[in-house]
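Undergrad: Dumping the structure here so I can ask a few things about it.
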């Protein structure tokens, strides 16, 4: 049934479009992997504020899975998936001043559309790579490292001597947050993940790996006053427990999942979690009496409203990379045609580190 | 009736006490100014962790008024008023290492007890003054400048190029916050106060003085995206409006009044406001969707739980003072015996700047 719907939607879209087409990962309808097709798809014309990029590498994210499953209902298929890519600039619009043909650029667009041989993107969504930075490492930065950056350095304002608790420290954002916390100097890092990943996260800088069961008692045993910063990834309903692990003046940052933007009722566990979060409140009186700081972060919406803030954060990340203070961990790189296998690996959480797609075409 | 109650309470306390007495401002019962008596009152013996100080100057605060009115019910009269004083150390306990006899120290204790010729205070509540800092200026620092410091520099993390909105910018905390914001470099400062104080606050550094009516439209006219930091002094129910004046990643700090600690039902307007605040919640979803940071601050409770944090903030304030970046504004200095007149001035909001008491005794 899904397959039929996919075919129909795809045919309608093709009839409505005209002009140049490029190879793309097209989501032809909500559903399983059968709705993902690698095929030619229309590319928009270059606008005055746009940049055209010959794509080399794309980053695979959970948001691609959610989009495919229909959890982001404001995105209607058929559409091209992909929120991160990196490559070489082949054309720039008349109004673009700071990017030129031949530059290597990283692109981030939380509404997708970047899994293609060539992309046309607004210049505000592009970041010129520093010399010598590899495509592979840079493609791993936007979703994970920008999110972690705003948690640890901007809102968190982490300094040497402080402590942080990172939920899911073996995940993409958690991995990046661990490195960014270490970049502040001598810090104490608590993080939850499954026991078999404890060695890996310790290697990455987590000083106290914890398991999900009873982590709060374990943390308070080491640090009875609590910690200075907490990153809560909304993957559980532990928000209230986590707040109690904060020192006075401590700050907790809740990272918004894209799924919470929508009002889909389809997915059991997610739907429960979304409902829980939608009714979750913080009491102003508690904030005051506990000297507590509570923050929310949604990278995609932040980029829409404050592109300059994102640009300056990315510049800082590039500096930290050049200083050797951050280094993305790549799990695997898949040919573009193997996008289903790459997404499946992520969905089954079999990866440790970033999953990438490599675009290899004759015309570049 | 109040006077009778005061006399009785005072007599009972005197009968229970013994030993040395020093001249003190004693609150003999809840009520009007008639419950304030300047008279000899027992002083505690010097403990191992204590410091004894010959007091020179005391700072007068709203918390003294609230205590007198019975809004802080956990403080039971008879008691000695006063949360700030400064003077010369005359004795130190055996366990005190960093303070010596002859040092000039500033003392802060949010539960009171400092309006006296001599005080015995825990060393953790004392700050050794830098050479050359006057008693008058230093006595104006704790309540106002420490509170403003945590809002602007710690939680706010204010940097050059940013903007701040300070509610009641002509008040003690607002005045200090204006100077601390200016110390960050080139900043934009919005603040509300009555129109007749606009010239004074502009002189102090407020770039856009606003009136209380319709300030939000006026602010957004100058700064359509909102501001980076907001200091909300809980003096009104504008918390929800104020949050909408925040930029993405902007932070709002709500300063807790001591009155909210209590459950007194006696005072109409305060009682309403306390009720309003006690039910006030921040939605986790809003925090995320708006990329917003919401914080609460209660200086007294912070000092109880994290004295070292307060010590290091005060050191930074002393540095800023020596660099000429902050300078308390003194409204008037009253003899110790005129404490009623000094408190009345504050209660009627006739002061601009800090109101102080001077202790002048023959034995110093």
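Chains as they are written, first to last, in my numbering: chain A, 229 to 592; chain B, 229 to 592.
No residue lacks a Cβ here, since even glycine has one placed at the ideal position from N, Cα and C.
Note that this is a predicted model, so its numbers are computed, not measured.
(1) Just the Cα atoms here: how many angstroms apart are residue 447(A) and residue 418(A)?
(2) Measure the alpha-carbon distance for residue 425(A) versus residue 440(A) and round it to whole angstroms.
(3) I'd like the list of long-range same chain contacts for residue 473(B), defined as Cβ closer than 8 Å, with 5 residues on each side in sequence excluded.
(4) Considering only residues of the segment 395-426 of chain B, which uninterrupted alpha helix (DSSP H) runs meet the minimum length of 4 residues and lie entirely inside it, listed in chain order?
(5) Of all the alpha helix (DSSP H) runs that stay within the bounds of the segment 443-473 of chain B, which reach a length of 4 or more residues?
(6) Is the CB-CB distance between residue 369(A) and residue 545(A) below 8 Å?
(7) Are the segment 291-299 of chain A and the segment 345-352 of chain A touching, with three or more C-beta to C-beta distances below 8 Å?
(8) Specify the secondary structure class of residue 492(A) as computed by DSSP and reduced to three states.
(9) My understanding is that residue 400(A) touches residue 372(A), with C-beta atoms under 8 Å, so please give their C-beta distance in whole angstroms.
(10) Alpha carbon to alpha carbon, how far is residue 310(B) from residue 516(B)?
(11) Under 8 Å, do residue 247(B) and residue 282(B) count as touching if we go by C-beta distance?
(12) For the beta strand (DSSP E) containing residue 318(A), name the first residue and the last one.
(13) Just the chain B side, please: which residues come within less than 8 Å of residue 471(A) by C-beta, in chain order?
(14) Could you tell me whether the Cβ of residue 582(B) comes closer than 8 Å to any Cβ of chain A?
(15) Would residue 279(A) and residue 317(A) be called neighbours here (beta carbons separated by less than 8 Å)?
(16) Mind reading off the beta-carbon distance from residue 575(A) to residue 585(A)? Whole number of angstroms is fine, and I expect it under 8 Å.
(17) Grouping DSSP H, G and I as helix and E and B as strand, with all else coil, what is residue 434(B)?
(18) Classify residue 290(A) as helix, strand or coil using the three-state DSSP reduction.
(19) Would residue 404(B) count as contacting chain A if we go by Cβ distances under 8 Å?
(20) What is the residue span of the beta strand (DSSP E) that residue 356(A) lies within?
(21) Please name the residues in the segment 503-528 of chain B whose beta-carbon is closer than 8 Å to at least one beta-carbon of chain A, in chain order.
(22) Could you check what DSSP says for residue 566(A) in three-state terms: helix, strand or coil?
(23) From residue 274(A) to residue 384(A), what does the alpha carbon distance come to, in whole angstroms?
(24) Check whether the Cβ atoms of residue 541(B) and residue 408(B) lie closer than 8 Å to each other.
(25) Could you check where the beta strand (DSSP E) with residue 332(B) kicks off and where it finishes?
(26) Going by the DSSP bridge assignment, what does residue 265(B) pair with across the sheet?
(27) DSSP on residue 579(A), reduced to helix/strand/coil?
(28) What does a CB cutoff of less than 7 Å around residue 255(A) pick up in its chain, not counting 5 residues either side in sequence?
(29) Do residue 414(A) and residue 442(A) have their beta-carbon atoms positioned less than 8 Å apart in this structure?
(30) Helix, strand or coil: which one does DSSP assign to residue 590(A)?
(31) Which residues mark the beginning and the end of the beta strand (DSSP E) in which residue 350(B) is found?
(32) State the DSSP-derived secondary structure class of residue 527(A), mapped to helix, strand or coil.
(33) Determine, for residue 533(B), whether the minimum Cβ-Cβ distance to residues of chain A falls below 8 Å.
(34) Tell me which residues share the same chain as residue 563(A) and place their Cβ nearer than 8 Å to its Cβ, disregarding the 5 neighbours each side in the sequence.
(35) Enumerate in chain order the residues of its own chain whose CB-to-CB distance from residue 579(B) is below 6 Å, with the five nearest sequence positions on each side excluded.
(36) Which of the three DSSP states, helix, strand or coil, is assigned to residue 554(A)?
TA: The structure says:
(1) Straight-line Cα distance between these residues: approximately 7 Å.
(2) As the crow flies, the alpha-carbon of residue 425(A) is around 12 Å from that of residue 440(A).
(3) When the five nearest sequence neighbours on each side are left out, the beta carbons in the same chain lying within less than 8 Å of the beta carbon of residue 473(B) are those of 393, 444, 447, 448, 454, 455, 458, in order along the chain.
(4) List check, alpha helix (DSSP H) in window: 400-410.
(5) Listed in chain order, the complete alpha helix (DSSP H) runs (minimum 4 residues) inside the segment 443-473 of chain B are 443-450, 467-471.
(6) Yes; because the gap between Cβ atoms is below 8 Å, this pair is in contact.
(7) Result no; under three Cβ-Cβ pairs closer than 8 Å.
(8) Any reading at residue 492(A) needs caution, since the residue's pLDDT is 42, under 50, leaving its predicted position unreliable; the model's value is listed next. Three-state result, residue 492(A): coil.
(9) Contact flag correct, Cβ pair sits at about 4 Å.
(10) Cα to Cα, the separation comes out at about 42 Å.
(11) It is not a contact, given that the beta carbons lie outside the stated cut-off.
(12) Per DSSP, residue 318(A) belongs to the beta strand (DSSP E) from 312-320.
(13) Those within 8 Å of residue 471(A) in chain B number zero; the least Cβ separation is about 11 Å.
(14) Interface residue (Cβ-Cβ distance to chain A less than 8 Å): residue 582(B) is not classified as such.
(15) Residue 317(A) is positioned such that its CB atom lies closer than 8 Å to that of residue 279(A).
(16) Not confirmed; about 15 Å, so no contact.
(17) Three-state DSSP puts residue 434(B) in coil, outside helix and strand.
(18) Of the three classes helix, strand and coil, the one that applies to residue 290(A) here is helix, per DSSP.
(19) No, residue 404(B) lies away from the interface with chain A (no Cβ there is under 8 Å from its Cβ).
(20) 354-356 is the span of the beta strand (DSSP E), which, as asked, contains residue 356(A).
(21) For the segment 503-528 of chain B, the set of residues with a beta-carbon nearer than 8 Å to any beta-carbon of chain A comprises 505, 506, 508, 509, 510, 511, 512, 513, 514, 515, 516, 517, 518, 519, 520, 521, 522, 523, 524, 525, 526, in chain order.
(22) Residue 566(A) carries a helical assignment under DSSP once its states are collapsed to helix, strand and coil.
(23) Approximately 39 Å between the Cα atoms of the pair.
(24) No, they are not a contact pair.
(25) Start and end: 332-336.
(26) DSSP lists 254(B) as the bridge partner or partners of residue 265(B).
(27) Reduced to three states, the DSSP call for residue 579(A) is coil.
(28) These residues qualify, in order along the chain: 263, 264, 295, 296, 305, 306, 307, 309.
(29) Going by C-beta atoms, residue 442(A) is not nearer than 8 Å to residue 414(A).
(30) Low local confidence applies: a pLDDT of 44 at residue 590(A) is under 50, so the model's placement there is unreliable, with the coordinate-based value given in what follows. In the displayed model, residue 590(A) falls within coil according to three-state DSSP, outside both helix and strand.
(31) It spans 346-350 - the beta strand (DSSP E) in which residue 350(B) sits, taken as one unbroken run.
(32) Look at residue 527(A) here: in three-state DSSP terms it is helix.
(33) A Cβ of chain A is located within less than 8 Å of the beta carbon of residue 533(B).
(34) Same-chain partners within the cutoff: 585, 586, 588.
(35) Correct list, in chain order: 559, 573.
(36) Residue 554(A) falls in the coil class under three-state DSSP.
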